[in-house]
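Written below as structure tokens is the structure these notes are about.
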Amino acid sequence: MAPTFRLVLVFGLIDICLASPQPKNSIGWCSKSEAEFNKCKDFSDAMKTLRTSLSCIKKSNTKECLQAIVQGEADSICVDGGDIYEAGLAPYHLKPILAENYGTGKDSDTCYYAVAVVKKESNLSLKQLQGKKSCHTGLGKTAGWNIPIGILLKKKYLSWDGPENEPVERAVAKFFAAACVPGVQKEPNLCRLCKGKGKAKCSRSGSEPYYNYNGAFRCLKEGGGDVAFVKHNTVPEDVAKQYELLCLDNTRTSIDKFKDCHLAQVPAHAVVTRSTGNTTEVIVEFLTAAQAKFGKKGRGSFHLFSSSHGKDLLFKDSAVSLVRVPNMMDSTLYLGTEYFTAIRAFRKETETSTSVNRVRWCTMSREEKVKCDTWSALSGATIECTEANSAEECILQILKREADAVTLDGGVVFTAGKCGLVPVMGEYYDADNKTPCRNKGTKTGTYYAVAIVKKSNKDISWNSLRGKKACHTGFGRTAGWNVPIGLIQNRTQNCKVGEFFGDSCAPGADRGSSLCALCKGTPGIKQQDTKCQPSDKEPYNGYSGALRCLVEKGDIAFAKHTTVFENTQGRNPSAWAKGLKSSDFELLCRDGTRAAVSNYKRCNLAEVPAHAVVSLPEKRDLIARILNAQQALYGRSGTKQSEFKMFVSENGKDLLFKDSTQCLIEVPSGTSTKDFLGREYYEALVGLNKCFPTSELLSACTFHSCSK
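Residue numbers (mature numbering (1 follows the signal peptide of the UniProt record, and there is no 0)): -19 to -1, 1 to 689.
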């Protein structure tokens, strides 16, 4: 190509670019009925002045809409919890990005109540529903199916031998005399009450008159139903006195008492979109602008949360706004452990025969994986190993059923509990008294959080820490952060810890803050990839890491009472610990004095709960049984400890379990995180999390008003 022609072509292209307006962003919204499609068109017309345009796509049902979003034909839809679960699975892999808010006060309320409604003149209770006629919002929907059927199964009013014997729909069809469950395909009895004509009958869409909340109520009111499973505000106020609610204790009450009488409180409907690509921000920006103009407080002619075309179109009419969910939110976190588990129980997603006698252990470093692999081989695959980069990644793996168990520090146990996990086994540390290891039902162990300084640094005390260089085991960890920072905050009444200390290292903190300035990162690897990471990639992470930070750079280290002993007198072969003696260090006492490291019972910051093995509630008994069997083989007194030692780390420190662990003690079944951690420490953590930015995971797990 000649140079002159190339030049002309370039200028021509520039002219075209300058002359043509940049294309507007476009959002494709999926509607499931003619009424929704009409509201969507009104919505599109009302938003024409925005740079982002709205196009309306019409499908027959939610499933078709999810498929349209995956294929790029549409971008978003607002769905209920049961559909959020479905949307998160293959092949869709969609994620929630905005939640409906039903709160009328200062705080948002992203939950609603699932209720059972009956006519006032009936004499039914929850345990008397067998043989009656039922009205449901739709198959797989939260208030209309997942919750009520789950409750009937849990209370053993409804018998079902599991999906391997028959679908749950068949068991329900035998339980009720007749029903309308829009979306059911193979159980005629569950469509008997439905009103639609031809192919529309019993369809999971607006084509079936008894579909969704208002449809289920119509089924009760006019279609011969005895009970309707709906949300708490479905019954119109003008007829509310003609109906009552069925309570879990088999009593009944008026419609307005739903907070005391409901089947469950469940997560709100949410807007979902693709997990990949850049649609999230475009949709959030568009809907934020839309609700500012046409929301409950808007003054425009169009109304986002109501419509002349019908009820609950695009969004629920009871919504007052849309609230952005935390960035890391997915369907698992959005629905919460209890509801997510309940939905799985209806499906063929139960444990396989090969998985009921195994524990998948989550490891957080290469060294942990090596130790775990050795354990796995000797256990005959009773123990399997997964890989993660942090404790929070392990919690996520467990929530997603990709792992089963992990040992966590108390501060992280707090987060795990907020995400729905439970403590299973607690580490026990007292080598001078091993009786609790032999006695079932013994309280789990504790340890001491201490402040360690160099003996040679005589100018430092608990009362003179301001401006000193601090070494923490990790941001949000018990001995290294929660205890010392909680005490300092109580004394100073100041949340700005970064201003209290000089440069510090608190792995997991904001990398750009002074709390990460002292951290080291892995030599030879980009600092942004390793510095201040809450993993072994940061050499100053963990107990031994905090002591190393003190030895090399810091003025004070916050760790546990055994940290000095585990890294001195040649017990740690690492170069940085070479030649260290326990007498090189002292402890700072809260009264301003100092003491030898052996006096930790007198001179400490607090006695705190042991590290704990955590799991999903339904895995608790399995994991306790397997770990008790494993420590009988490979524990301190195990019959095969010559082959493998669970509580010894040959290629590192505190791998899988703390090296000071003498045994694992079973936490009584039903023990809450609050009870395990102790109410004082638990409340201190609640206070600390108000003061400091919480982790993304904790923010996601406590997003809903009904999960806080």
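For every residue, glycine included, the Cβ atom is placed at its ideal position computed from N, Cα and C. Here the structure is a predicted model, which means the values were calculated and not measured.
Problem - C-alpha gap between residue 718 and Cys584, whole angstroms - result: The shown model of the chain, from -19 to 689, leaves out residue 718, and the question about it has no answer.
Exercise for the section: Any chance you could list the alpha helix (DSSP H) runs of at least 4 consecutive residues sitting entirely within the stretch 103 to 184, in chain order? Expected result: Taking only runs of at least 4 residues, the alpha helix (DSSP H) segments lying wholly in the stretch 103 to 184 are 128 to 135 and 149 to 156.
Practice task
Could you tell me whether the Cβ atoms of Cys687 and Gln166 are closer together than 8 angstroms?
Solution key: Their beta carbons are not under 8 angstroms apart, which means Cys687 does not touch Gln166 by this criterion.
Handout entry: Status (buried if at least 16 other CB within 10 Å, exposed otherwise) for Ala610
Key = Ala610 is classed as exposed because its beta carbon has fewer than 16 other beta carbons within 10 Å across all chains shown.
Exercise for the section: Spatial neighbours of Lys626 within its chain, please: CB distance less than 7 angstroms, with the 5 preceding and 5 following residues excluded, ordered by chain position. Expected result: Answer for Lys626: Tyr615, listed in chain order.
Exercise for the section: Starting from Arg605, trace the alpha helix (DSSP H) both ways and give me its first and last residue. Expected result: In the sequence as presented, Arg is not what sits at residue 605; that position holds Ala. In this chain, the alpha helix (DSSP H) harbouring Ala605 covers Arg601 to Tyr615.
Practice task
Rounded to whole angstroms, what's the CA-CA distance from Pro2 to Glu266? Just pull it up for me.
Solution key: Residue placement at Pro2 is flagged as unreliable, the pLDDT there being 36, under the threshold of 50; a coordinate-derived value is accordingly withheld.
Handout entry: Alpha-carbon spacing of Ser235 relative to Asn471, whole angstroms
Key = The straight-line gap from Cα to Cα measures roughly 47 angstroms.
Exercise for the section: Would you mind sorting Asn82 into buried or exposed? The rule is 16 or more other CB atoms within 10 Å of its CB. Expected result: Asn82 comes out buried.
Problem - Three-state secondary structure assigned by DSSP to Tyr315 - result: Three-state DSSP puts Tyr315 in a helix.
Practice task
Hey, could you find the ends of the alpha helix (DSSP H) Ala593 is sitting in?
Solution key: Looking at the DSSP string, Ala593 is not in any alpha helix (DSSP H); the run it does join, the beta strand (DSSP E), is Ala593 to Ser596.
Exercise for the section: Locate the alpha helix (DSSP H) running through Pro417, then write down its first and last residues. Expected result: Residue range Thr416 to Arg419 is occupied by the alpha helix (DSSP H) that includes Pro417.
Exercise for the section: Report the rounded CA-to-CA distance for Arg339 versus Ala323, giving the unit in angstroms. Expected result: Going from the Cα of Arg339 to the Cα of Ala323 covers about 22 angstroms.
Exercise for the section: Within the same chain, show all residues whose beta-carbon is closer than 7 angstroms to that of Lys399, passing over the 5 residues directly before and after it, in chain order. Expected result: Closer than 7 angstroms at Cβ, skipping near neighbours: Leu679, Cys682 and Thr683.
Handout entry: Sub-8 angstroms separation of Val394 and Leu658 beta-carbons
Key = Contact annotation: Val394 and Leu658 have beta-carbon atoms nearer than 8 angstroms.
Problem - Proximity to Val405 [Cα-Cα], best of Val98, Ala593 and Asn195 - result: Answer by Cα proximity: Ala593.
Handout entry: Span separating the alpha-carbon of Tyr429 from that of Gly391
Key = Straight-line Cα distance between these residues: approximately 12 angstroms.
Practice task
In the DSSP assignment, find the unbroken beta strand (DSSP E) run with Arg255 in it and report its ends.
Solution key: Per DSSP, the continuous beta strand (DSSP E) segment holding Arg255 begins and ends at Ala251 to Arg255.
Problem - Candidates Pro520, Arg617, Gly63 and Pro598: closest to Thr503 by CA position - result: The shortest C-alpha separation from Thr503 is found at Pro520.
Practice task
Rank Thr257, Ala451 and Ser618 by C-alpha distance to the C-alpha of Ala540 and give the top, closest one.
Solution key: Considering only alpha carbons, the answer is Ala451.
Practice task
Just the C-alpha distance for Glu54 and Ile264, rounded to the nearest angstrom, thanks.
Solution key: Their backbone Cα atoms lie some 15 angstroms apart in a straight line.
Problem - Reduced DSSP secondary structure (H/G/I, E/B, other) of Cys400 - result: Here DSSP, grouped into helix, strand and coil, assigns Cys400 to coil.
Handout entry: Opening and closing residue of the beta strand (DSSP E) in which Arg341 lies
Key = It spans Val340 to Thr344 - the beta strand (DSSP E) in which Arg341 sits, taken as one unbroken run.
Problem - From Met345, Thr355 and Leu597, residue whose alpha carbon lies closest to that of Ala369 - result: Looking at the Cα atoms, Met345 is the closest of the given residues.
Problem - Reference residue 694, options Lys176, Ala181 and Gly361, closest by Cα - result: Given that the chain is displayed from residue -19 to residue 689, the structure contains no residue 694 and the question cannot be resolved.
Practice task
Please name the residue in Thr254, Glu348, Ser357 and Lys350 whose C-alpha comes closest to that of Asn308.
Solution key: The closest CA to that of Asn308, considering only Thr254, Glu348, Ser357 and Lys350, is found on Thr254.
Problem - Local conformation of Phe566 per DSSP, three classes - result: The answer is strand: DSSP assigns Phe566 an E or B state.
Handout entry: Nearest to Tyr663 (by Cα), restricted to the options Gly467, Pro129, Tyr320 and Pro488
Key = With distances taken between CA atoms, Tyr663 lies nearest to Gly467 out of Gly467, Pro129, Tyr320 and Pro488.
Handout entry: Beta-carbon gap between Gly407 and Val648 smaller than 8 angstroms
Key = Yes.
Exercise for the section: Determine the direct distance from the alpha carbon of Lys518 to that of Cys530, and round the result to whole angstroms. Expected result: Between the C-alpha atoms of Cys530 and Lys518 there is a straight-line separation of about 14 angstroms.
Handout entry: Spatially closest choice to Glu677 from Ala68, Leu314 and Lys137, by CA coordinates
Key = Here the closest residue by C-alpha is Leu314.
Problem - For residue 692, the three-state DSSP class (helix, strand or coil) - result: Here the chain has residues from -19 to 689 only, and residue 692 is not among them.
Handout entry: beta-carbon Thr257 near the ligand SAM non-hydrogen atom, thresh 7 angstroms
Key = Judged by which ligands are present, the structure shown has none, so any question about the ligand SAM falls away.
Exercise for the section: Tell whether a beta-carbon distance below 8 angstroms holds between Asn170 and Ala154. Expected result: The answer is yes: Cβ separation under 8 angstroms.
Handout entry: Close Cβ partners of Val589 (< 7 angstroms) along its chain, the five nearest in sequence each way excluded
Key = Only Gly391, Thr427, Tyr428, Ala430, Thr459, Ala460, Val464 and Tyr662 meet the Cβ criterion.
Exercise for the section: Just mark Gln514 as buried or exposed, buried being the case when its beta carbon has 16 or more other beta carbons within 10 Å. Expected result: Burial is judged here by how many other beta carbons sit within 10 angstroms of a residue's own beta carbon; Gln514 has at least 16 and is buried.
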